[in-house]
Each structure stands twice: as structure tokens, then as C-alpha cells.
Amino acid sequence: MEGREAIGEIMRQSQVTYWCHEIIKSQAPKGGFYIDATMGKGYDTLMLCRLADKSGRVLAFDIQEKALLLTDRLLTEHNVRSRAELILDGHQHMNQYAGTESADVICFNFGYLPGGDHKIATSPASSIEAIRQGLDILKQGGMMSLCVYSGGDTGFEEKDAVLGVLKKLPPQEYTVIVNEYYNRQNCPPVPVFIFKK
Ligand SMILES: C[S@@+](CC[C@H](N)C(=O)[O-])C[C@H]1O[C@@H](n2cnc3c(N)ncnc32)[C@H](O)[C@@H]1O
Numbered sequence: 016m017e018g019r020e021a022i023g024e025i026m027r028q029s030q031v032t033y034w035c036h037e038i039i040k041s042q043a044p045k046g047g048f049y050i051d052a053t054m055g056k057g058y059d060t061l062m063l064c065r066l067a068d069k070s071g072r073v074l075a076f077d078i079q080e081k082a083l084l085l086t087d088r089l090l091t092e093h094n095v096r097s098r099a100e101l102i103l104d105g106h107q108h109m110n111q112y113a114g115t116e117s118a119d120v121i122c123f124n125f126g127y128l129p130g131g132d133h134k135i136a137t138s139p140a141s142s143i144e145a146i147r148q149g150l151d152i153l154k155q156g157g158m159m160s161l162c163v164y165s166g167g168d169t170g171f172e173e174k175d176a177v178l179g180v181l182k183k184l185p186p187q188e189y190t191v192i193v194n195e196y197y198n199r200q201n202c203p204p205v206p207v208f209i210f211k212k
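The numbering used here puts the first residue of the sequence shown at 16, with every later residue one more than the last.
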């Protein structure tokens with residue numbers, strides 16, 4: 016790898032979503048059932064659709080029509096649109112769409128739609144309700160990936176609330192791994208992985 020390609024790879028490796036994707040791809044079975052709890056521009060949904068391959072399926076949630084339009088376009092461009100159901104609803108209603116112990120992966124990327132209205136963002140109460148439902152919906156052996164943000168427009172309330180709840184999950188039932196960008200200033204994102212035993 017040389018020049019711009021190498022620089023591109025290094026830049027990708029500094030992104031929180033890169034690491035979340037890499038861990039999901041290394042841990043989850045292919046061809047499974049996956050949920051993207053925060054669709055946004057559809058990049059996580061696209062990764063899950065690729066993992067789903069032809070036999071799996073993906074549910075993706077967002078409260079903004081714009082997110083559904085952007086994701087629909089992205090999945091169509093990459094010829095994987097038929098693998099996903101795009102749902103205009105809050106992730107705190109996830110249990111109306113997926114059964115207990117049915118999902119292999121649930122992916123959260125909190126915050127606001129990049130390039131969109133920063134006031135339309137995930138919020139502590141609904142995020143925690145969605146995580147609780149998601150833990151029920153996960154299969155044994157399944158995993159949840161969460162990108163948690165703080166600072167700026169986001170504040171600290173959601174990060175503190177989410178990490179507070181995760182700290183109390185029983186270790187006999189869940190392994191919770193909270194990662195840290197150790198040498199980065201200014202409230203770096205926190206990648207979190209939960210494995211259901
Ligand atoms: C950081 S973006 C997600 C990025 C996205 N996964 C991607 O790959 O582009 C966060 C998204 O969460 C959405 N959101 C906010 N509250 C939500 C809720 N209660 N349920 C589902 N989505 C929500 C926002 O509309 C926004 O599009």
C-alpha cells in the first residue's frame with residue numbers, strides 16, 4: 016500500500032465506526048439477523064447488509080425521513096436494498112419489530128445525523144430503553160456495538176447515562192467492553208461492545 020491509499024487507510028483506522036465494523040465483522044456470524052438502531056446516512060446499515068449476504072436480513076431504525084431516503088439510496092447503489100427493512104420509528108419501539116433472542120447483532124451510533132439538524136438527536140431516556148430492549152432481543156452469543164459521543168452539542172448526559180446503565184449489567188450474563196481513544200483530546204467517541212453470554 017502506498018501514498019494516498021496508505022493515508023486513507025490510516026485515516027479510516029482513526030474512525031470509531033471503522034473499529035466497530037471490524038469487531039462486528041470478526042465476531043458475528045454471516046447471514047444472520049442484524050439491527051441498526053440508528054440508521055443515519057446508512058453506512059452501518061450497508062455494512063450489516065453486506066454481512067447479511069443473500070440469506071440474512073437487516074432492520075434499520077431512524078426517526079427522520081431524510082435518514083431513510085439517504086439509506087435507501089446508499090443500499091440501492093450497492094445492490095443490497097432487498098436485504099434491509101427501513102423503519103421510520105424510534106429504536107425505543109424495537110421490540111414491536113423483533114422477537115426476544117432473535118438478533119445476532121444490534122448496532123447503535125448515537126447522536127445526530129451528520130450534516131443534519133443537531134437538535135434532532137438521540138436522547139438518554141429513549142437510548143436506555145432501546146438498549147434494554149436490545150439486550151432482550153439479542154440471541155445468546157449475540158453482540159451489541161455502541162458508538163457513544165459527548166461534548167459539543169451532544170453534552171455529557173447521554174454518555175453518562177448509558178455508561179452508568181452498562182456498568183450495572185450482571186457479569187454472569189454480559190461481557191461489557193468499553194474502549195478509549197487514550198491520547199485524543201476533546202471528548203473522543205467511546206466504542207463499546209456488549210456480548211451476551
Ligand atoms: C450519528 S447518526 C447515525 C449514523 C449512521 N449509523 C450512519 O451510518 O450514517 C444518529 C442517528 O440517530 C437518529 N435518531 C435519533 N433518535 C433516534 C431514535 N429514538 N430512534 C432511532 N434513531 C434515532 C438520528 O436521526 C440520526 O440519524
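Quick reminder that beta carbons are idealized off the backbone N, C-alpha and C, glycines included.
The model shown is predicted, which means the values in this text are computed figures rather than measured ones.
Residue i CB to nearest heavy atom of ligand 1 below 7 angstroms
{"i": "residue 134", "result": "no"}
{"i": "residue 125", "result": "yes"}
{"i": "residue 76", "result": "yes"}
{"i": "residue 49", "result": "no"}
{"i": "residue 218", "result": "Any property of residue 218 remains undetermined from this structure, which presents the chain solely from 16 to 212."}
{"i": "residue 169", "result": "no"}
{"i": "residue 103", "result": "no"}
{"i": "residue 93", "result": "no"}
CB contact flag (residue i, residue j, <8 angstroms)
{"i": "residue 51", "j": "residue 67", "result": "no"}
{"i": "residue 151", "j": "residue 190", "result": "no"}
{"i": "residue 119", "j": "residue 44", "result": "yes"}
Whole-angstrom distance between residue j and residue i, CA atom to CA atom
{"i": "residue 140", "j": "residue 177", "result": "9 angstroms"}
{"i": "residue 108", "j": "residue 100", "result": "15 angstroms"}
{"i": "residue 95", "j": "residue 65", "result": "7 angstroms"}
CB contact check: residue i to chain D, cutoff 8 angstroms
{"i": "residue 109", "result": "The structure shown contains no chain D; it holds only a single protein chain."}
| message | Is it the case that the segment 111 to 129 contacts the segment 51 to 64, given that we only count it when at least three CB pairs across the two stretches are under 8 angstroms? | response | Yes, the segment 51 to 64 touches the segment 111 to 129.
| task | Assess, as a yes-or-no matter, whether the segment 70 to 87 is touched by the segment 30 to 42 under the definition of 3 or more beta carbon pairs within less than 8 angstroms. | result | no
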